[in-house]
Amino acid sequence: MKPAILVGGQAVIEGVMMRVPGAYATAVRDPKGNVHIDRHKFTSVTEHSAFWKKPVFRGMAALFEAMKMGMATLQWSADIAIPD
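Under our numbering, the first residue of the sequence shown carries the number 3, and numbering increases by one thereafter.
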């Protein structure tokens, strides 16, 4: 049996952000109908430090990283979907 691929994501303005271990990507449709894609590599702080691997601290790190990534992708999608 093949191992499962862990995929998560969230909705952004006129698009979607998807995250897999090691990377995330955002796809957004602009007002003209073109799709813009933004890809990034990502390494969690929990992979670098034993301190952040402990249960309570791992949750805190995951929350912070998800909020930071989510806000950045939402801002990018807003810039594409709703130009000034």
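By construction, the Cβ of each residue, glycine as well, lies at the ideal position given by its N, Cα and C atoms.
Per DSSP, ASP81 lies in no beta strand (DSSP E) segment; the continuous alpha helix (DSSP H) that holds it begins and ends at 57 to 83.
With a cutoff of 8 Å on beta-carbon distance, ILE15 and ILE84 are scored as near each other. By the Cβ neighbour-count rule, ILE82 is buried, with 16 or more other Cβ atoms within 10 Å of its own. Between the C-alpha atoms of SER46 and VAL30 there is a straight-line separation of about 24 Å.
Around the beta-carbon of MET69, fewer than 16 other beta-carbon atoms lie within 10 Å, marking it exposed.
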